[in-house]
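For the sequence shown, the numbering used here assigns the number 3 to the initial residue and increments by one for each residue that follows.
Heads up, the thing below is written out as structure tokens.
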Amino acid sequence: MLSRVASVEAPRTHSLRRVTGSSGRRREGRESEPRRPRMSRHHFCSAVLIFLVMVMFCGRGAASADVKESSSVQFKWEGITDVKEAVKSLGVPGLLKVENDVFAVAEAQCKKEEEENTFTGIASQILTKKTTKEPEEVLKDAKKDIQVLEKDASQGKKKVDVSRPTTVGREERFT
3 MLSRVASVEA PRTHSLRRVT GSSGRRREGR ESEPRRPRMS RHHFCSAVLI FLVMVMFCGR
63 GAASADVKES SSVQFKWEGI TDVKEAVKSL GVPGLLKVEN DVFAVAEAQC KKEEEENTFT
123 GIASQILTKK TTKEPEEVLK DAKKDIQVLE KDASQGKKKV DVSRPTTVGR EERFT
């Protein structure tokens, strides 16, 4: 063990910066050198990660409040009853089986006689089990079987375009 005098005169190695100067000797840390940060890199990264997680989860509440306000708009399926509305074409046909019944479903492009704009609806017809050998045309009188999605707004009803009909079920009845 060193004496008190020897330990005072011994070089301090705990603050040595391991930097060599032009003379090749190691220098001790001085006040002119930049100070090391008090927070380690590990703690800084952890703090940034916690901040980002808080921003993500706290921002979610504002978005859900906006959704609740916009969910007051009601959508309703309506059948076409106006004589002036005509079916231009049927597309994207498909078959749907619900329990023991089979339905033909297609996208219907509709147009009012006096307007240029078209809107889309969904045409569907139940296919009954017949034991005939003759083929049967499906959706030949499509106008009576078309449903149009309408948006109830404060100004009035507005038709919403529906394209490429697919099936969505809540139970396991759909196959």
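For glycine and all other residues, C-beta sits at the position ideal for the given N, C-alpha and C.
{"Check": "List the DSSP bridge partners of LEU98.", "Outcome": "PHE105"}
{"Check": "In this structure, how does DSSP classify SER91 when only helix, strand and coil are distinguished?", "Outcome": "strand"}
{"Check": "Taking 8 Å as the cut-off, decide whether the C-beta atoms of ALA110 and VAL140 are in contact.", "Outcome": "no"}
{"Check": "Pull the bridge partners of CYS112 from the DSSP assignment, please.", "Outcome": "VAL89 and PHE121"}
{"Check": "Does DSSP put LEU129 in a helix, a strand or coil?", "Outcome": "strand"}
{"Check": "Using the Cα positions of ASP147 and GLY93, report the straight-line distance between them to the nearest angstrom.", "Outcome": "15 Å"}
{"Check": "Apart from the five residues just before and just after LYS78, which ones in its own chain have a Cβ nearer than 7 Å to its Cβ?", "Outcome": "GLU152 and ASP154"}
{"Check": "Considering only C-alpha positions, which residue in the set GLY61, GLU101, LYS99 and ILE124 is nearest to SER91?", "Outcome": "ILE124"}
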